[in-house]
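Q: I have a structure here, written as structure tokens, and I will follow up with some questions on it.
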Amino acid sequence: DDLRKGLSDIIEKFADEKNEIVITQHGKPKAVLLDLNTYLALTDIQEDIIQPGYIDSLYKELAVVKKGKGIPHDELVKKLKVNV
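Note that our numbering has the sequence shown beginning at 49, numbered continuously upward.
Okay, here's the thing in structure tokens:
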């Protein structure tokens, strides 16, 4: 019962902050505890990354930006607001 109360207190405090806790065993990291929003954000990113060609497309777009051929920020914001 003490463990449940202690864990409940930790989770309540933890959920209020965007945090991570590294859980160790014998001084070595074994697991990570994440708040729910961080976990959900990571799973969304993971879904994108595993799509075939996703990483290649990022590298191609990065090369375009490095050549100075990207869309300026203010122009992109205008474009996104119109399409949203």
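Don't be surprised by glycine CBs; every beta carbon is placed ideally from N, CA and C.
What's the gap between the Cα of R52 and the Cα of E95?
A: For the purposes of this step, residue 52 is identified with residue 4 of the sequence shown, where counting begins at 1. For the purposes of this step, residue 95 is identified with residue 47 of the sequence shown, where counting begins at 1. The alpha-carbon atoms of R52 and E95 are separated by roughly 33 Å.
Q: Please report the distance separating the alpha-carbon of A89 from that of L82.
A: Locating residue 89 in the sequence shown gives position 41, where the first residue counts as 1. Locating residue 82 in the sequence shown gives position 34, where the first residue counts as 1. Near 11 Å, if we compare the C-alpha coordinates of L82 and A89.
Q: Which residue comes first and which comes last in the beta strand (DSSP E) that contains E68?
A: One-based indexing of the sequence shown puts residue 68 at position 20. Element bounds for E68: E68 to Q73.
Q: For I119, which residues in the same chain have their Cβ closer than 8 Å to its Cβ, ignoring the five residues on either side in sequence?
A: The count along the sequence shown starts at 1 and reaches residue 119 at position 71. Only K127 meet the Cβ criterion.
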